[in-house]
Amino acid sequence: MRGILLFGPQGSGKGTQGEKLSAWLQLPLVVTGNIFRSNIKSGTALGQLAQGYIQRGELVPDEVTNQMIQQRLAEPDCVNGFVLDGFPRSVAQAEALHNFTTVTHLLHISISDAEAVRRIAERRTCVANGHVYHVLYNPPKQAGVCDSDGSPLQQREDDTETALRRRLDIYHRATEPLLNYYRQRQLVFDINGEQLIAKVWTDIQAIFQTV
Ligand code: AMP
C-alpha cells in the first residue's frame, strides 16, 4: 500500500507531477481542489458550501473537507493506495487523516513565493478535469485547449494576485508546519521544484526506484 502526499506551495508543480505519478504507479490521483471545483460546477450542497471560501482563497472548514476525503479514500480504487494533492493542509487535518488511512511518503516540492507568483499568473486549467498548463513552460499543443480531454482552458478564479497572496500566506502559516509532523515520522522526501518539469519528474521517480 502506498499513501503518497504531494506537498508544496501553489504553483510548485503538484498537479503536473501528480498526473505523471498517478499514471506511472497506477494509483488514483485525488485532488481536493478539483473535487470542490467539480461540486461547485454541478451545484451540489458541498459545492455551495465551499464556493465562498475558495473564491476568497481561504480554507474550507475541516468538518466538510475531512469527511469528503475520508469518503473518497474509502472507495475501492484506493485499496492499493493513492496520490493525494491538497490534503492535509493543517496539523488537525493530518491527525484526522491518520485515523482513516496510512501515509507512506510525503513529497515536498519547494519553490519560492516569487516563483509561485510568476507561475500562477500564467497558469491555465482545464474546465473538465483540472489538468494544468503554463502558457510558456508547459503549453498545450493547441492554445486554449486541453491535450488530455479537449476541453477549454481557463484561468482559475482564485489565481488572482490577491487570492494567491492569501493562499500563500495560509500555506506558510497553517500548512508548512506539517512538514515537522511528517519529518518526525521520517516520511518526507524533499524535491527542488525550481527545475525543469522533466528533472523534477526524474527526481520523483528516483524516490520510488529506491524505496
Ligand atoms: P488548490 O486547488 O489545492 O489550490 O485548492 C483550491 C482551494 O480549495 C483552496 O484554496 C481551498 O479553498 C480549498 N481546499 C483545497 N484543499 C483543501 C483542504 N485540505 N482544506 C481546506 N480547503 C481546501
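At position 103 of the sequence shown (counting the first as 1) the number is 99 in our numbering, and the numbers step up by one without a gap.
Virtual Cβ for every residue (Gly too), placed ideally from N, Cα, C.
Nothing here was measured: the structure is a model prediction, and the numbers come from that model.
Are the CB atoms of residue i and residue j nearer to each other than 9 Å?
i, j, result
"residue 26", "residue 83", "yes"
"residue 140", "residue 132", "no"
"residue 107", "residue 43", "no"
"residue 181", "residue 76", "no"
Using a Cβ-Cβ cutoff of less than 6 Å, which residues in the same chain neighbour residue i once the five nearest sequence positions on both sides are dropped?
i, result
"residue 28", "82 and 83"
"residue 7", "112, 115 and 116"
"residue 102", "1, 3, 178, 183 and 184"
"residue 79", "0, 14, 17, 18, 23 and 25"
"residue 136", "129 and 143"
"residue 105", "4, 8, 9, 187 and 189"
"residue 40", "none"
"residue 167", "5"
"residue 204", "none"
"residue 171", "85"
Can you find the residues in the same chain that come closer than 8 Å, C-beta to C-beta, to residue i, ignoring five residues on each side of it along the sequence?
i, result
"residue 96", "66, 69 and 70"
"residue 125", "30, 142, 144, 145 and 147"
"residue 58", "86, 88, 89 and 92"
"residue 195", "none"
Here's a check: name, in chain order, each residue in its chain whose Cβ is nearer than 7 Å to the Cβ of residue i, leaving out the five neighbours to either side.
i, result
"residue 207", "Here residue 207 scores only 49 on pLDDT, less than 50, and its place in the model is too uncertain to base an answer on."
"residue 134", "12 and 193"
"residue 45", "60"
"residue 74", "24"
"residue 200", "13, 17, 103 and 187"
"residue 173", "87"
"residue 123", "147, 148 and 150"
Quick one: using the 10 Å Cβ neighbour count with 16 as the cut-off for buried, is residue i buried or exposed?
i, result
"residue 94", "exposed"
"residue 198", "exposed"
"residue 202", "exposed"
"residue 159", "buried"
"residue 62", "buried"
"residue 48", "exposed"
"residue 100", "exposed"
"residue 98", "exposed"
"residue 120", "buried"
Kindly examine ligand 2 and report whether one of its heavy atoms sits closer than 8 Å to the Cβ of residue i.
i, result
"residue 176", "Ligands displayed in this structure: ligand 1; ligand 2 is not among them."
Are three or more beta carbon pairs between the region 28 to 47 and the region 106 to 117 nearer than 8 Å? no
**Asked** Do the region 53 to 65 and the region 152 to 163 make contact, defined as three or more Cβ pairs closer than 8 Å?
**Response** Contact annotation: the region 53 to 65 touches the region 152 to 163, with at least three C-beta pairs closer than 8 Å.
Specify whether the region 163 to 171 and the region 181 to 199 touch according to this definition: at least 3 beta carbon pairs, one from each stretch, less than 8 Å apart.
-> no
Any chance you could list the alpha helix (DSSP H) runs of at least 4 consecutive residues sitting entirely within the region 142 to 167, in chain order? 157 to 166
Alpha helix (DSSP H) runs contained entirely in the region 46 to 133, provided each spans 4 or more residues:
58 to 69, 87 to 96 and 109 to 117
Runs of 4 residues minimum, wholly inside the region -3 to 29: which ones carry the alpha helix (DSSP H) assignment? 10 to 21
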